[in-house]
Ligand SMILES: C[S@@+](CC[C@H](N)C(=O)[O-])C[C@H]1O[C@@H](n2cnc3c(N)ncnc32)[C@H](O)[C@@H]1O
């Protein structure tokens, strides 16, 4: 943990806890799946990656079927989504052949997991240079620590599933002196504790911006607000790239179409734990403010349009997940059928109505309404499905 002799912002704490090169939560291990700390939609069912593949192919059609496209995934976790997308779309050879895949991943351990999920090998190109290809689809694959490192110049499709929620948030509290930023300090008995900054902090400028985007009624009822400067900056980069290179981005995450109050949470081994307890051993994540993503994209270019958010349930339903589950059920064992049905309902089920008595406190909750989908596209592409 960095130490500079004074309190640090919640965002600095979150960034250190998740991505510190030595001891960050994501850096050294596989944190996903039943044996890890949490489960994501691609782990729940292959249908999630397949449906994202359908969305990607449709956008590619709307882009005029370019022969060479950058397909970028931000924070690919175990690589399951990309593997299901490539497998599911491999029959559509013109689409499949056009893809240059770029994985944006900060964790060396997860890069290795992704390399094997995509069944990668090292291959020699026609010009005798070597590169990595996925034997699932024959596409070239490369890894990058950030979106900026992905080469420009080709039409680009960007997928960000559960990436924005891992970006560090600043927290503010309403006081008699106005909005004060919450900081993290070390107490006399060497424990972390929250304190309020007595002075305006640099993040205050961004809070002012978010407050201007919101309606007075929305702000009036809030005593706490979280803002994510990294999300606004990332959205600027995404929108700029789509504006100049063409294409679009799909963002799927849990969150809300408006200001977020106090959502930062820590999860270790499928249980909620204290945010300040044993930093680096639990995942920290926060709800995504989709309204701030929309405004950030729109302020950077007139050449892009933003669509949604809509619920994951609407998104997957409109893309045809019902037909896909029916088709898969035609040809499977009873055990596979059970897992397909459970997976289907977890992806599209209502977050308010737990429907499955799982072994822990998180698995019973359906993801269909808690997760939202939003698209940012170059205006030349028209309105992407299923946001028409
Ligand atoms: C919650 S996981 C999402 C995993 C995956 N998209 C899925 O659906 O299973 C967040 C992913 O983003 C990566 N990540 C987090 N912060 C990052 C950053 N600042 N730069 C690059 N990758 C990051 C993590 O290592 C992890 O792969």
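Residue numbers (the numbering used here): 4 to 391. By construction, the Cβ of each residue, glycine as well, lies at the ideal position given by its N, Cα and C atoms. These numbers were taken from a predicted model, which means no experiment stands behind them.
- Out of 340, 89, 18, the CA that lies nearest to the CA of residue 283 is found in 18.
- DSSP lists 276, 287 as the bridge partner or partners of residue 269.
- Given a length threshold of 4 residues, each whole run of the alpha helix (DSSP H) inside the region 222–267 is given here in chain order: 232–248.
- Rounded to the nearest angstrom, the gap between the Cα atoms of residue 128 and residue 134 is 7 Å.
- Using a Cβ-Cβ distance cut-off of 8 Å, the region 105–114 and the region 24–33 are in contact, since at least three pairs of beta carbons, one from each stretch, lie closer than that value.
- The C-beta distance from residue 298 to residue 378 rounds to 15 Å, too long to fall under 8 Å, and the pair is not in contact.
- Listed in chain order, the non-local C-beta contacts of residue 346 below 6 Å within the same chain comprise 47, 48, local neighbours out to five positions each way being set aside.
- Across the set 12, 43, 295, the C-alpha of 12 shows the shortest separation from the C-alpha of residue 171.
- For residue 263 against residue 292, the beta-carbon gap comes to about 5 Å, under 8 Å, which counts as contact.
- According to DSSP, residue 72 shares a beta bridge with 102.
- Sequence-distant Cβ neighbours of residue 143 in its own chain, meaning closer than 6 Å and more than five residues away, are 103, 134, 136.
- Between residue 342 and the set 50, 40, 34, 20, the nearest pair of CA atoms involves 50.
- Residues 107 of the same chain have their beta carbon placed closer than 7 Å to that of residue 149, with the five preceding and five following residues left out of the count.
- Straight-line spacing of the CA atoms in residue 23 and residue 16 works out to 10 Å.
- In the DSSP assignment, residue 125 falls within the beta strand (DSSP E) that extends over 123–127.
- Judged by their CB atoms, residue 157 and residue 139 are not nearer to each other than the 8 Å cut-off.
- Residue burial annotation: residue 386 is exposed, with fewer than 16 other C-beta atoms found within 10 angstroms of its C-beta.
- Under the three-state reduction of DSSP, residue 293 is assigned to helix.
- For the pair of segments examined, the region 317–326 was found not to touch the region 199–214: the number of CB pairs separated by less than 8 Å stays below three.
- Per DSSP, residue 33 lies in no alpha helix (DSSP H) and is assigned neither H nor E.
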